[in-house]
Amino acid sequence: MTNKIVLLGDSVFDNRAYVTGGADVLAHLVRQLPIEWSADLLAVDGSVMAGVRQQLDSLPADATHLVVSMGGNDALGVSSVLDAPSRSVADALLRLAEIREQFCLEYRSTLDAVLAVKLPTAVCTIYDVRYPNPEERRIAVTALSVLNDCITRAAAGRGVPVIDLRIICDEEADFASAIEPSEQGGGKIAAAIVSFLTKHEIRSGRAELIVR
18 MTNKIVLLGD SVFDNRAYVT GGADVLAHLV RQLPIEWSAD LLAVDGSVMA
68 GVRQQLDSLP ADATHLVVSM GGNDALGVSS VLDAPSRSVA DALLRLAEIR
118 EQFCLEYRST LDAVLAVKLP TAVCTIYDVR YPNPEERRIA VTALSVLNDC
168 ITRAAAGRGV PVIDLRIICD EEADFASAIE PSEQGGGKIA AAIVSFLTKH
218 EIRSGRAELI VR
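Per my numbering, the sequence shown starts with residue 18, numbered consecutively.
Listed below in structure tokens is the structure:
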């Protein structure tokens, strides 16, 4: 039986524009997949969670597995809050809590729409951004940990494996820019996807953390 993995989401998968002359995630994945496997890319650079629902409309009939990377652009869309003045730490945390609650709600809803297709599925965390300014990077990574908590909780509650890009893409060379994977990073991401497909017990209904 032939299997087909479909990539849904954003530029974590649709990174061709950032690896000029090199292999993107899809190319790496096709090379690493076992015999009788194929891959299809529906992810679109710049997509937010609402875009993933639209991508589902184009899901090929022969799809057998899904991997989703979503939420990074939604986080980017509210990142201006990190520069907003605040009266206290508590006030800043309350603002972040409001963003987290809305993000969690949208993430759970979108993940449920993906799972309604009833195909084996894995999701990705949002990786740690690589802003050149050390202080900006620390702030952003701390804020993203709050949103990644939404992702891991949603996945755990639904028995969905999690590909943890924070651990997988852990070198500067894994990034072509502050928020886009390089050719090297894409190779690591593809390897983690193959690990999900070949080593995870699909029928176990277990939420497993995949880090390589």
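Ideal Cβ positions, reconstructed from N, Cα and C, are used throughout, including at glycine.
DSSP places D108 in no beta strand (DSSP E) but in the uninterrupted alpha helix (DSSP H) bounded by 106-132. Between E152 and S96, the alpha-carbon positions lie close to 14 angstroms from each other. Within the DSSP bridge table, the entry for D145 names no partner.
The C-alpha of L113 lies about 8 angstroms from the C-alpha of A160.
Straight across, the Cα-Cα distance linking Q201 with L226 is about 21 angstroms.
Comparing alpha carbon positions, the residue from K205, S212, E197 closest to V61 is E197. The beta carbon of G63 is closer than 8 angstroms to those of D27, S28, N90 in its chain, skipping five residues each way along the sequence.
Under the three-state reduction of DSSP, G26 is assigned to strand. Its chain contains I227, R229 as the residues whose beta carbon lies nearer than 7 angstroms to that of S212, once the 5 sequence neighbours on both sides are disregarded; these appear in chain order. Contact annotation, L50 with A130: C-beta distance approximately 26 angstroms; criterion of less than 8 angstroms not satisfied. Only buried fits D191, as 16 or more other CB atoms lie within 10 angstroms of its CB.
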